[in-house]
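Numbering (my numbering), first residue to last: 45 to 358.
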């Protein structure tokens, strides 16, 4: 058995290692989609792969798609993929992942949990420009979908977005800095990402200051693509430097308090029964109705509404 893993984030490798396909494979190829800032930074667990291929992307740049497709074609011409492979990936909604999934060498496809999208994202057909591009690239998602054997999930019972069979992970332990674990145990962490990234920087700063003043937040864990220097406001725990995510070290944490706008970290802390308190931060703008947010709010120890704070920030 041979596998190809498409990785956009650290958790893709973390979750891949918790599958029998990864454990039983004799050849493991990692295709990393990374921004220019992280092109030379290794992902955790890279040493377990037979071969590593980097594809440079520009985050949030739709017009870079042609260049990425061209790079994918070049790598498949340059690298000799002999035989058939099982493709592992987390997000099959992207044109670039579907473009790879339709390759003749792909025998079958296994999906890995992507995060919140697995618990609220509606399964819907491609429309508009996306559909036109797929036609031009000869992508037939109905054919690809038939090739998906299953989706590995942290909570199969709650998941609404999946293809094939619902499968449950068997999580593995990761080596990490023990000092980091000791540092965050029994502390209050604010997790970036999720709806927090939709605010402008002025509003973000107000939110951080509010959490420091009224909630005594200890640390801020910024989103992977956050480039703002927060160190003048609050102490940062930059997990990018540690090459891990919080989910990777859940098994080592005895207790933690997690603040956020309904993030994947909060959801997975609940699913995996991490000894923790979840604090859900809400505002009218992110008060959308979906199973994931409702579930996090239901399980939260505390809910903070920041509508007045945001109104004063604008």
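Glycine residues also receive a C-beta, built at the ideal position from the N, C-alpha and C atoms.
Membership of residue 263 in the beta strand (DSSP E) is indicated by the continuous run 263 to 265. The beta-carbon separation of residue 196 and residue 223, rounded to 31 Å, does not stay under the 8 Å limit for a contact.
Inter-residue distance for residue 264 and residue 318 is about 19 Å (C-alpha atoms, whole angstroms). Listed as beta-bridge partners of residue 318 by DSSP are no residues whatsoever.
Taking C-beta separations shorter than 8 Å and ignoring five residues to either side along the sequence, the partners of residue 254 in its chain run 350, 353, following chain order. Ranked by Cα distance from residue 157, the first of 303, 242, 309 is 309.
Just so you know, the alpha carbons of residue 294 and residue 334 end up roughly 25 Å apart. Scanning the segment 229 to 314 from its first residue to its last, the whole alpha helix (DSSP H) runs of 4-plus residues come out as 245 to 259, 283 to 286. According to the DSSP secondary-structure assignment, residue 51 is paired through a beta bridge with 76. A distance below 7 Å between beta-carbons, with the five flanking residues on each side excluded, links residue 322 to the following residues of its chain, in chain order: 302, 310, 313, 314, 340, 343, 344, 345. Judged by pairs of C-beta atoms under 8 Å, the segment 283 to 300 touches the segment 224 to 236, as three or more such pairs exist. Close CB contacts of residue 188 within its chain, under the 8 Å cut and outside five residues either way in sequence, are with 136, 142, 145, 146, 153 (chain order). Around the Cβ of residue 285, a 10 Å sphere holds fewer than 16 other Cβ atoms; the residue is exposed.
In the three-state reduction of the DSSP assignment, residue 168 falls in the coil class. Note that the segment 46 to 53 touches the segment 66 to 76; at least 3 beta-carbon pairs, one per stretch, sit closer than 8 Å.
The segment 111 to 147 contains, as complete alpha helix (DSSP H) runs of 4+ residues, the segments 139 to 145 (chain order). In this structure, 151 is the residue among 151, 234, 336, 248 with its C-alpha nearest to the C-alpha of residue 127.
Separation of residue 129 and residue 325 (C-alpha to C-alpha, rounded to the nearest whole angstrom) is 43 Å. Beta-bridge analysis with DSSP links residue 212 to 197. Bridge partners of residue 152 according to DSSP: 130. A Cβ-Cβ contact shorter than 8 Å links residue 113 with residue 181.
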